[in-house]
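Below is one structure; the comments refer to it alone.
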Amino acid sequence: MRRRLSPIALAVAFAPSLLAAQALPAPTVRDLGGGIYLFQTAPYGDVGLDGNSVAIVGDGGVLVFDANGTPAAAEAVLAQLRKLTTVPVRYLVLSHWHWDHWYGAEVYARTFPKLEIIAHERTRALMAGPAVAFNQPGVDEQLPAHIAAVDARLTQLRQQRDSGVARVERHLAADRFFLEQKRGVRHTLPTRTVRDSLTIDLGGRTLQLLHHDRAITPGDLYLYLPRERVVVLGDLLINPITYSLFCYPSGWMRTLDAIAALEARLLVPGHGDPMTDGSLLSATRALLAREYAVARTLKEGGVALDSARSAVLADREVQRLRDVITGGDASRRESFALYLVDWYVRRVYQELDGTLDDSIPRLP
Ligand SMILES: [Zn+2]
2 MRRRLSPIAL AVAFAPSLLA AQALPAPTVR DLGGGIYLFQ TAPYGDVGLD GNSVAIVGDG
62 GVLVFDANGT PAAAEAVLAQ LRKLTTVPVR YLVLSHWHWD HWYGAEVYAR TFPKLEIIAH
122 ERTRALMAGP AVAFNQPGVD EQLPAHIAAV DARLTQLRQQ RDSGVARVER HLAADRFFLE
182 QKRGVRHTLP TRTVRDSLTI DLGGRTLQLL HHDRAITPGD LYLYLPRERV VVLGDLLINP
242 ITYSLFCYPS GWMRTLDAIA ALEARLLVPG HGDPMTDGSL LSATRALLAR EYAVARTLKE
302 GGVALDSARS AVLADREVQR LRDVITGGDA SRRESFALYL VDWYVRRVYQ ELDGTLDDSI
362 PRLP
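Here is the structure:
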């Protein structure tokens, strides 16, 4: 069969991995002990960021928690995983519907025919339509427009013989690579769904997949290893600043309480580095409660959303917790104000109005 393929067919067949080799640096691998590995990838130019991917190696199989945001990144992670173990991947868990955690799922599905892909039932329902529709304008319009703008800037820099040409060339190549990847994704749906919890025996070790309430999305799953006392959180917590864009404030707080009660010795967030203590978890939880209380009082007093956001940000306790969460780094204040105040207070107002449902909202 292979001999009959024309050189063009071969080029097409192998193009994705050749591209991957050119544009993606190898992921960083962190050995978290006890057969638990964290894989972190570099950003895609200035247009995208993968979620963390975590592998749990058991005697009878490997469980991978989250599959990166592109097939190329998942391939790169799998290549690193293959260096660590020959045990096949039996389970792929997708924590929630955001593209940066599941668009690489096809790589695991085609490499491991017996693979089970697991997600919460509401997450699967979103992945089967709304999540892909939500991402489509980015792929069809926003990304191409951004790339055209960077390309125009590059032409200008070349004419001026600017020293920044090489940097912008790399940046443009990474952006184009990302767009190609996103256009080529085969959306691969979960084969098994969870409502409340699922216990998995990996051979020699037991893991629990848990869902507590609507939190960052309607169907967040997190992973708990009871013996090792490790929790893999997905985007329920990001180190250091969690994206609250589409969150469900009260359910998120209840979920963080349930996670805190597990008293884990290691917390692995959806983005950023693992944590060996609960200080970010408790500071974020306290922040959400404080903001909720301040915002509710403001709303009851008839204060409009925009004014409420500035008032919440000016609250002294909110500022104290901001300094804990950002480690006092002033360059993170802008992200904090957007991701954990502007977006969150908006969701609090909507929750108080009773308008939050399981659909994906439009971007503000
Ligand atoms: Zn994410």
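In this text, residue positions in the sequence shown follow this note's numbering: the first is 2, and each later residue adds one. We treat Cβ as the ideally placed atom computed from N, Cα and C, and that holds for glycine.
Rounded to the nearest whole angstrom, the CA to CA distance from Y345 to L299 is 14 Å. In this structure, H121 has its CB at a distance of at least 6 Å from all heavy atoms of ligand 1. The DSSP assignment places complete alpha helix (DSSP H) segments of no fewer than 4 residues inside the stretch 226-277 at 250-262, in order along the chain.
Contact between R123 and D359 holds, since their C-beta atoms are separated by about 6 Å, short of 8 Å.
With distances taken between CA atoms, L210 lies nearest to V232 out of V232, V269 and L364. Counting only residues of its own chain and dropping the five nearest sequence neighbours on each side, I57 has a CB closer than 6 Å to the CB of I37 and L64.
In this structure V48 is buried. Its beta-carbon is surrounded by 16 or more other beta-carbon atoms within 10 angstroms. Within the stretch 102-138, complete alpha helix (DSSP H) segments of at least 4 residues are found at 106-112, 122-128 and 131-138, given in chain order. When DSSP states are grouped into helix, strand and coil, A56 belongs to the strand group. Not one heavy atom of ligand 1 sits closer than 6 Å to the Cβ of D274.
R266 sits exposed, since fewer than 16 C-beta atoms from the chains shown fall within 10 Å of its C-beta. Annotated as distal: L82 and L116, with beta-carbon spacing of 7 Å or more. Restricting attention to alpha helix (DSSP H) runs no shorter than 4 residues, the stretch 25-99 encloses them at 72-85, ordered along the chain. Bounds of the beta strand (DSSP E) holding L210 are T207 to L211. In chain order, V88, R91, D202, L203, G204 and G205 place their CB closer than 8 Å to the CB of G61, counting only its own chain and leaving out the 5 sequence neighbours on each side.
For S198, the enclosing beta strand (DSSP E) has its first and last residue at S198 to D202.
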